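Those letters in the sequence shown? Residues 3 to 457, by this note's numbering.
Notes for the one structure printed next.
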Amino acid sequence: MFKWFLTNPDKPRIHDEELVKKMYHSARLQAVTAMILGYGMYYVMRMTLGVAKKPMIEEGFTPTELGAMGAGMMVAIAIGKCANGFIADHCNIKKIVPLGLLGAAIVNAILGFSNAYWVFLALWIVNGVFQSMGSAPCIVSLAQWFSKSQLATYYGVFSIAHYVGEGATYLGTAMIIVAFGWHAAFFLPGVACIVLAFIMYRFMRDRPESYGLPSANEFEGEIVQEQKEQEVSTKEAQMMVIKNPYVWLLAAAAICLGISRYSISSWGVIFLQEAKGLDLVTAGSIMSLSPILGGVGSFFSGIISDKIFKSRHSVTTIVFGLVMLAGIIGVCFVPAGNTTLAAVCIAVFGFGLGVILCFVGGLLAVDLCPRKATGAAMGVIGLLAYGGAALQDIVNGMLMDSAKVVVDGVTTYQFGTITTFWIGSVVLMTLLIVPTLWAKKNRSEEAHETHHAAA
């Protein structure tokens, strides 16, 4: 059964240059579009819980229970993303990513009929298993279809998928809840994504060589880079990832990124409702600015880094870590009821996050590793990033429960400790990036020494 997932064998090379160009252009356009829309809907399937928290609490769920659900899914994503990253280096991506969306959509559709905590906990973990089949395989596909020099740009383009999904969730899901209740927020998008999964399968692609096309590096004339890629096997390249200390340093930064990113996306709506006195639709509308500006930041992240910071990706990441820090401090301390300032701060946070997500979320690690181990690099980063995401759900849920105050039968929550937790995670993430400023320099020196020894 598992052989069905493996990449197809190489077909005889097509020598008609015009046909090769036409096939490459068509495959790239269709695959990237399908991945942006499809992976964007992955996020709709995972973020409904964040928007529906308040009505679910009003119906009997506790913050700790909701935190446990979120944490269970994040642990499943963390483990699954690592495994799927290593597996994806050997597989036909066209068969992995749509299947994950299909499974997540079915789970959400079923949850549209449930009120039981244990059912939600079990199925939300299953949802996490399917969610782990998205990101790392998509990046593997990008690395297969775009050369090393193009990857930063198209990684940024693809990363708007996160924000397409988040924006649709914050705004669309909030409107569905108001109109039809929180159960419909799981069921209706779930049914829609079942259909979308089959459309995604139609337009995604296996690696170029399986269609008789040259590799992306060869197609773009980067022959030297392709020769370097062919010097190691996939297994050897994956071991290089595991042994690289900078990859693990970036993975530690990814833990902090997971904490800050998912603290805002999972708890931001209820924070604005409880701490800032906003209604659900207003809070959801303000939170939708984060993915919108995040999408802009991700789209231009490669261009910003290449043109302004001269491809010094670590410098780019540190600068926008400070931007992200300014945004989250503003979100936490904006005066209650000031919707304009809250919206500005969320937008600043989202833009900084959008840029950083491309680099800490995988590109810095991928840039330090061979193309054949793209999935492995993404898997290691994803394992700890979603570990951080799981940690924040547990911590935020417990902190919110412990900060509950009941006066005359009215329940309110204090967020002082929670906001310190959020801000501290961004500070630590930024500090962990600093040593990677020397990563490429050390890598170049090691390559030079290896070449000299061989000579």
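All C-beta atoms in this analysis are idealised placements derived from N, C-alpha and C, irrespective of residue type, glycine included.
Note that the structure is a prediction, hence the values are computed from the model and not measured.
Does the ligand MG have a heavy atom nearer than 8 Å to the CB of residue i?
i, result
"Val193", "With respect to the ligand MG, the structure shown offers nothing to examine, as it has no ligands at all."
With H, G and I counted as helix, E and B as strand and the rest as coil, what does DSSP make of residue i?
i, result
"Lys406", "strand"
"Leu430", "helix"
"Leu215", "coil"
"Val180", "helix"
"Leu439", "helix"
"Cys347", "helix"
"Leu386", "helix"
"Leu370", "coil"
"Leu365", "helix"
"Leu8", "strand"
"Asp395", "helix"
"Ser134", "coil"
"Glu19", "helix"
"Val234", "coil"
"Met289", "helix"
"Ser307", "helix"
"Phe148", "coil"
"Ala163", "helix"
"Arg30", "helix"
"Lys312", "coil"
"Leu355", "helix"
"Pro14", "coil"
"Asn129", "helix"
"Gly279", "coil"
"Arg207", "coil"
"Gly52", "helix"
"Ser116", "coil"
"Glu220", "helix"
"Ala1", "Outside the shown range of the chain, which is 3 to 457, sits residue 1, and nothing can be said about it."
Does residue i pass the burial test, meaning 16 or more other C-beta atoms within 10 Å, or should it be called exposed?
i, result
"Ile310", "exposed"
"Ala181", "exposed"
"Lys245", "exposed"
"Asp18", "exposed"
"Trp424", "buried"
"Glu276", "buried"
"Thr413", "exposed"
"Arg207", "buried"
"Val369", "In the sequence as presented, Val is not what sits at residue 369; that position holds Asp. That one is buried."
"Pro191", "buried"
"Thr171", "buried"
"Asn219", "buried"
"Val382", "buried"
"Ile179", "buried"
"Asn129", "buried"
"Thr175", "buried"
"Ser134", "buried"
"Thr422", "exposed"
"Phe148", "buried"
"Ile257", "buried"
"Ser116", "exposed"
"Val46", "buried"
"Thr438", "buried"
"Ala378", "buried"
"Lys23", "exposed"
"Leu433", "exposed"
Quick one: give me the first and last residue of the beta strand (DSSP E) that residue i is part of.
i, result
"Tyr172", "Note, Tyr172: premise wrong, no beta strand (DSSP E); not H, not E."
Where do the ends of the alpha helix (DSSP H) carrying residue i lie?
i, result
"Ala159", "One point to set straight first is that residue 159 is Val, not Ala, in the sequence displayed. Its alpha helix (DSSP H) spans residues 153 to 160."
"Val412", "Here Val412 belongs to no alpha helix (DSSP H); instead the beta strand (DSSP E) covers 412 to 415."
"Trp250", "247 to 276"
"Met533", "The structure shown has nothing for residue 533, since the chain only spans 3 to 457."
"Val109", "95 to 113"
"Glu67", "65 to 90"
"His315", "315 to 335"
Let me see if you follow: with CB-CB separation under 9 Å, is residue i close to chain C or not?
i, result
"Gly363", "Included in the structure is just one protein chain, with no chain C present."
Query raised in the report: For the 8 Å Cβ check, are there 3 or more pairs between the segment 84 to 96 and the segment 182 to 192?
Result: They do not touch, by the three-pair rule.
Report task. Please confirm if the segment 340 to 358 is in contact with the segment 66 to 80, defined as three or more CB-CB distances below 8 Å between the two stretches. Result -> no
Query raised in the report: Should the segment 92 to 111 be called in touch with the segment 130 to 143, which here means at least 3 C-beta pairs below 8 Å?
Result: Yes: the two stretches touch, three or more of their Cβ pairs being nearer than 8 Å.
Report task. Would you be able to state if there are at least three C-beta pairs under 8 Å between the segment 149 to 156 and the segment 264 to 278? Result -> With a cut-off of 8 Å, the segment 149 to 156 and the segment 264 to 278 do not count as touching, because too few Cβ pairs lie within range.
Requested in this report: Please confirm if the segment 40 to 56 is in contact with the segment 258 to 268, defined as three or more CB-CB distances below 8 Å between the two stretches.
Outcome: yes
Query raised in the report: On the three-pair Cβ rule with 8 Å, is the segment 389 to 402 touching the segment 248 to 265?
Result: yes
Query raised in the report: Does the segment 120 to 129 come close enough to the segment 5 to 13 to have 3 or more Cβ pairs within less than 8 Å?
Result: no
Query raised in the report: Counting Cβ pairs, one atom from each stretch, are 3 or more of them under 8 Å apart for the segment 282 to 291 and the segment 336 to 349?
Result: Using a C-beta cut-off of 8 Å, the segment 282 to 291 makes contact with the segment 336 to 349, since at least three inter-stretch Cβ pairs fall below that distance.
Query raised in the report: Touch check for the segment 357 to 368 and the segment 305 to 319: three-plus C-beta pairs under 8 Å?
Result: They touch, by the three-pair rule.
Query raised in the report: Do three or more CB pairs link the segment 197 to 213 to the segment 21 to 41 at distances below 8 Å?
Result: yes
Requested in this report: Could you tell me whether the segment 157 to 167 touches the segment 298 to 314, using the rule of 3 or more Cβ pairs below 8 Å?
Outcome: yes
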